[in-house]
Amino acid sequence: MPGPQAPSDVVSRLPTWYRSTARDLPWRRAEFHDEFGAWGVLVSEFMLQQTPVSRVVPHLEAWLARWPTPAAMASASAAEVVHQWANLGYPRRALWLFRAAVEITERHGGIVPRDVEALLALSGIGDYTARAVAVFAYGDRHPVVDTNTRRVLARAVQGRAQPAPPSRRDLELMDSLLPDSLADAAEFNAAMMELGATMCTSRAPRCEQCPLANSCAWLAAGRPDTGDERRRQATYEGSDRQARGAVLRLLRDRSPEAVPLDLVLPEWPDPRQRDRAIDSLIADGLAEADGMALSLPR
DNA sequence: TATACGTGGGG
DNA sequence: TCCCCAAGTAT
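Residue numbers (this note's numbering): 897 to 1194.
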């Protein structure tokens, strides 16, 4: 029976598993912290927002080599930053990261803030990233809750196949499980994410190998609602998002040149959709119209 | 609270 | 092939 022991089992068994199996990722190495500090952690967290680890790793090194500090990036242009973002997806994150670098430079003397409230006030930083930086860069004690952690909590503790929509309850539950010491709390945060990413996965969890198998409430209940349909992602083919992606890709490829408006995807199947994409990119600050030509933002 | 927002890899 | 999914944030 999982029962009320489930949470304490999670806390006691996870660290041992994590120490022996954790992936060797750049932002977990001591040299990474020595070299890039909180800025390195912040950049990695921006890239990891909805982009898989395997795609982030190769970009991160080049990024930090080019802009090793917030001030270095703040002195670049938005166009350079969006161009360097390449195909990581959700390019608004590149713009937000650039704005955060400017804010850090202007408001915090070029030092990534340590305080969660100050971090939350920066562009593109929300509940997850703010606490991730405070915990993984500065070693402070906060609940870091991402989608992996929410899934592990839902299964191991609550006995549900999938987590409920994000809420403050997630933070409260995670906070109640956090070990007392700073180092143990930070490690526990990382271990929960790691378990969700590699073992307690969304589609095909490997319960047979899971260190929490003996206490998992969901497994004990017979893995109910395994095939529970989650809200389907909108179809990408033919979508406005695809149009935006195509326009921005063109601007990146031509950068720093501007592209005459009548040469921006003239063959696009739905011209009105293409124009909508152009307008929305301009509205977001990801593109700039100069006379009759379009370019990445200065 | 629900929706928009890229891109590519794996089952 | 097609569908699922990935360390979220802003509105």
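Here a beta-carbon is modelled for each residue, glycine too, at the ideal position from N, C-alpha and C.
Neighbourhood of residue i by C-beta distance below 7 Å, restricted to the same chain and skipping five residues each side
| i | result |
| --- | --- |
| Q980 | W959, R962 |
| M897 | Because M897 carries a pLDDT of 43, less than 50, the predicted location of this residue cannot be relied on, and no value is offered for it. |
| V1012 | A1026, R1027, A1030, H1038 |
| P966 | W935, A997, I1000, T1001, G1006, V1008 |
| S1019 | W992, R995, A996, E999 |
| D1071 | P1039 |
| A1093 | N1044 |
| P1075 | V907, A1081, F1084 |
Contact belief for residue i with residue j at Cβ below 8 Å, rounded distance in angstroms
| i | j | result |
| --- | --- | --- |
| T1045 | M1088 | 4 Å |
| A1033 | V998 | About 19 Å; that fails the 8 Å criterion. |
| S1176 | E1184 | Wrong, their Cβ atoms sit about 13 Å apart, outside the cutoff. |
| V1143 | L1157 | No, V1143 and L1157 are not in contact; Cβ-Cβ is about 11 Å, not under 8 Å. |
| Q1105 | D1136 | So it is not a contact: roughly 41 Å between Cβ atoms. |
| L1078 | D1036 | 7 Å |
Per DSSP, cross-strand counterpart(s) of residue i
| i | result |
| --- | --- |
| E931 | None, per the DSSP bridge assignment. |
| A1189 | P1156, D1186 |
Straight-line gap, residue i to residue j (C-alpha atoms, nearest Å)
| i | j | result |
| --- | --- | --- |
| E1068 | V1040 | 11 Å |
| D930 | L956 | 16 Å |
| L1159 | P948 | 33 Å |
| G1118 | R1051 | 11 Å |
| L1066 | G1055 | In the sequence on display, residue 1066 carries Asp and not Leu. Approximately 15 Å, taken between the alpha carbons. |
| L984 | S908 | 37 Å |
| F928 | T1001 | 21 Å |
| G1141 | A1154 | 17 Å |
| E1163 | L991 | 28 Å |
| A1130 | S973 | 33 Å |
| T917 | L1049 | 20 Å |
| Q1138 | Y986 | 11 Å |
| A1082 | D1166 | 50 Å |
| E1125 | P1059 | 12 Å |
| R1047 | T1097 | 8 Å |
| R1145 | D1023 | 30 Å |
| R1099 | R1127 | 14 Å |
| A1017 | G1123 | 39 Å |
| V906 | G1181 | 44 Å |
| A1113 | D1080 | 24 Å |
| G933 | P1193 | 29 Å |
| S904 | A975 | 49 Å |
| L921 | G1187 | 46 Å |
| P1061 | P1101 | 20 Å |
| L910 | A926 | 22 Å |
| R924 | L938 | 13 Å |
| R919 | P954 | 15 Å |
| G1134 | D1171 | 14 Å |
| R1010 | R1150 | 39 Å |
Beta-carbon contacts of residue i that lie in its chain and below 6 Å, excluding the five residues immediately before and after
| i | result |
| --- | --- |
| V952 | M943, L944 |
| R1148 | H979 |
| C1103 | A1109, L1115 |
| R1003 | none |
| M969 | W963, A997 |
| V977 | A990, F994 |
| M1095 | R1102, C1106 |
Status (buried if at least 16 other CB within 10 Å, exposed otherwise) for residue i
| i | result |
| --- | --- |
| N1085 | buried |
| D1042 | buried |
| R989 | buried |
| A1179 | exposed |
| S950 | exposed |
| E941 | buried |
| S1111 | buried |
| A1173 | buried |
| G899 | Interpretation of G899 is limited by its pLDDT of 47, a score under 50 that renders its predicted location unreliable; the figure taken from the coordinates is listed afterwards. G899 should be labelled exposed. |
| P1152 | exposed |
| A1057 | buried |
Cβ-based neighbour list, residue i, same chain, cut-off 8 Å, excluding 5 preceding and 5 following
| i | result |
| --- | --- |
| W913 | A1087, L1091, P1107 |
| A1014 | H1004 |
| A1189 | A1154, V1155, P1156, L1157 |
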